[in-house]
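**Q**
Residue numbers (the UniProt record's numbering): 1 to 174.
#1: Opposite residue 24 in the DSSP bridges: which residues?
#2: For residue 3, I'd like the list of residues in its chain whose CB is within less than 8 Å of its CB, leaving aside the five on either flank, ordered along the chain.
#3: Below 8 Å on the Cβ atoms is my contact criterion, and I expect residue 141 with residue 71 to pass it. Report the Cβ-Cβ distance as a whole number of Å.
#4: At which residue ranges does the stretch 75–150 contain complete beta strand (DSSP E) runs of 3 or more residues, listed in the order of the chain?
#5: Can you grab the Cα-Cα spacing for the pair residue 170 / residue 75, in whole Å?
#6: Who are the Cβ neighbours of residue 122 in its own chain at under 6 Å, not counting the five residues just before and after it?
#7: Apart from the five residues just before and just after residue 156, which ones in its own chain have a Cβ nearer than 6 Å to its Cβ?
#8: Suppose the cutoff is 6 Å on Cβ atoms and the five residues either side in sequence are ignored; what does the same chain contact list for residue 1 look like?
#9: Using the Cα positions of residue 41 and residue 49, report the straight-line distance between them to the nearest angstrom.
#10: Taking only the alpha-carbon atoms, compute the straight-line gap between residue 78 and residue 119 and give it to the nearest angstrom.
#11: Going straight from the alpha carbon of residue 133 to that of residue 172, what length do you get?
#12: Under the assumption that residue 26 contacts residue 57 (Cβ atoms under 8 Å), give the Cβ distance between them as a whole number of angstroms.
#13: Since I believe residue 66 is in contact with residue 149 (beta carbons under 8 Å), could you give me their beta-carbon distance rounded to a whole number of angstroms?
#14: Along the chain, where does the alpha helix (DSSP H) containing residue 167 start, and where does it finish?
#15: Using the C-alpha atoms, what's the distance from residue 108 back to residue 31?
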């Protein structure tokens, strides 16, 4: 078995676990924070129709308005251990770090980019990243990072129009 096959197999197992656990995680989030959420589908940006996102759920305010995004992560590596160890102040996930007495999502990680893009596409300013396991789930509250988004959207637009779209067009002409 090649390394590529091992990586793809591991990714498939992680993804399958996440999909199986996502519904339970959303229910746990609703119960823990006494909120209501609605599942969301593909959302297309109104000004940039080439850019879309698929939030896991939308969190409703008391009056039923959409308040923020809910993004769920169910890391298989933490299904039987703490996501964050209070005693040692150690994060057991590489995309988290402990600084200034709080657990934060690393801005260099793809999950940060994912959450920021979802906020940009939906027009919402807040995202709850709920990292779920049955031992002790963790909530990280994110706010829209306009400076980060400005840079990322330019890169995405460049990639889309200079590489992705031309590749699709040339493939369809074969």
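Virtual Cβ for every residue (Gly too), placed ideally from N, Cα, C.
**A** Let me lay it out:
#1: According to DSSP, residue 24 bridges with nothing at all.
#2: Residue placement at residue 3 is poorly supported in this model, since its pLDDT is 46, which falls under 50; the coordinates still yield a value, given next. Cβ neighbours of residue 3 beyond the five flanking positions: none.
#3: Rounded, the Cβ-Cβ distance is 11 Å, inconsistent with contact.
#4: Counting only runs that start and end inside the stretch 75–150, the beta strand (DSSP E) elements of at least 3 residues fall at 96–99, 102–105, 126–131, 138–143.
#5: For residue 170 and residue 75, the gap between their C-alpha atoms comes out near 38 Å.
#6: Excluding residues within five positions, the ones whose Cβ falls inside 6 Å are 43.
#7: Once the five neighbours on either side are set aside, residue 156 has no close Cβ partner at all.
#8: Only weak support exists for where residue 1 lies, its pLDDT of 42 falling under 50; the coordinates are left without a value.
#9: If I take the Cα positions, the gap works out to 15 Å.
#10: Their Cα atoms are separated by approximately 26 Å.
#11: Approximately 44 Å, taken between the alpha carbons.
#12: Confirmed, Cβ separation roughly 6 Å.
#13: That pair is no contact at about 19 Å.
#14: Here the alpha helix (DSSP H) through residue 167 covers 165–172.
#15: Rounded to whole angstroms, residue 31 to residue 108 spans 31 Å at the Cα level.
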